[in-house]
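Only one structure is covered here, and it is reproduced in the block below.
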Amino acid sequence: MASNTMALTPAEAIPKLKGPVVCVFCGANPGSSPTHLAAARALAHIMAASNLSLVYGGGTVGLMGEVARTLVSLSGPASVLGIIPAALVKYEQQTQDPSPTSPTPLIDSTIFGQTVVVKDMHTRKRLMATAVVDGGPGGGFVALSGGYGTLEELMEVTTWNQLGIHAMPVVIYNVEGFWDGLVGWVQKAVGEGFIKRDCAGIVVEALSAEEVVVCLKEYVNVEGRFGLNWEEN
Ligand code: AMP
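Following numbering that gives the first Met the number 0 from start to finish, the sequence shown increments by one per residue and tops out at 232.
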């Protein structure tokens with residue numbers, strides 16, 4: 000959208016993160032190679048050194064938990080915001096048993112940062128994107144290794160960039176060739192006329208955590224994006 004903002008209703012007000020905000024999409028599983036967990040930690044370290052805040056899906060497990068836990072240990076709980084749908088909270092490491100009288104969240108903020116529980120996936124994804132847009136330049140969307148959820152979230156924000164719903168960077172951290180299949184598919188789709196040649200550049204590839212931050216800083220939106228106004232009713 001032209002103003003590069005996303006509308007929020009007052010009822011959805013979420014804690015404000017400091018500085019540029021990076022939304023990290025990644026697996027709720029750790030992966031079978033320790034390289035994926037190491038990449039998650041490396042990303043958190045470079046984010047801390049670069050004063051970047053994290054918004055993510057609120058998980059305490061897998062790569063999701065590792066990024067959040069590591070960044071909280073380096074930059075403190077105020078640097079991390081997890082946004083999780085109520086239905087998923089039961090899969091998380093909780094500090095106490097849920098009961099009708101104890102309101103969520105039960106996720107330990109001293110370990111995983113701030114958590115906001117929302118009603119559904121669409122709300123979560125919109126609020127994560129809003130936090131990134133509100134954080135301004137230097138922030139963006141980063142995909143570490145992951146499964147269906149990670150791929151779906153990555154492709155959604157890529158599509159939203161192409162449609163002009165936001166104008167923030169989209170970066171894949173390609174750990175040991177994990178995303179090579181996606182990079183190949185994009186080239187195939189360009190060759191077959193399904194993706195405009197310059198729109199192949201909406202997703203940029205980083206091969207190290209340091210490169211992720213450089214990609215976020217130096218990102219240039221491609222020419223072929225849709226010039227749509229998403230504020231219109
Ligand atoms: P995947 O890449 O399939 O592991 O999925 C990661 C995404 O799945 C997250 O961003 C969530 O949307 C969702 N998800 C799956 N399990 C969890 C969990 N335990 N906590 C939070 N989100 C989860």
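All residues carry an ideal CB built from backbone N, CA and C; glycine is no exception.
| query | result |
| --- | --- |
| Residue from I171, L80 and V156 whose Cα sits closest to the Cα of K165 | Going by the sequence as given, residue 165 is His instead of Lys. Among I171, L80 and V156, the Cα nearest to that of H165 is on V156. |
| Sequence-distant residues of its chain with Cβ nearer than 6 Å to G61 (five each side left out) | G26, A27, N28 and P29 |
| Through-space distance from I194 to A188, alpha-carbon basis | 6 Å |
| Reference G163, options A128, G137 and M46, closest by Cα | A128 |
| Same chain only: Cβ atoms within 8 Å of V115, ignoring 5 sequence neighbours per side | I13, P14, G57, L80, G81, I82, I83, P104 and L126 |
| Helix, strand or coil at G190 according to DSSP, with G and I counted as helix | helix |
| Assigned secondary structure, G30 (DSSP; H/G/I helix, E/B strand, else coil) | coil |
| Near the ligand AMP: L87 beta-carbon under 7 Å from a heavy atom | yes |
| Collapsed DSSP secondary structure at L227 in the structure displayed | coil |
| CA-to-CA distance, N160 to N220, given in whole angstroms | 8 Å |
| Beta-carbon proximity of I171 to A142, cut-off 8 Å | yes |
| Per DSSP, the bridge partner or partners of T114 | G81 |
| Top-ranked residue by Cα proximity to G135, from L227, S32, L215 and E222 | L215 |
| Interface flag, G163 vs chain C, CB-CB below 8 Å | In summary, chain C is missing from the structure at hand, where a single protein chain is found. |
| When P168, M167, E175 and V202 are compared against W184, the one with the closest alpha-carbon | V202 |
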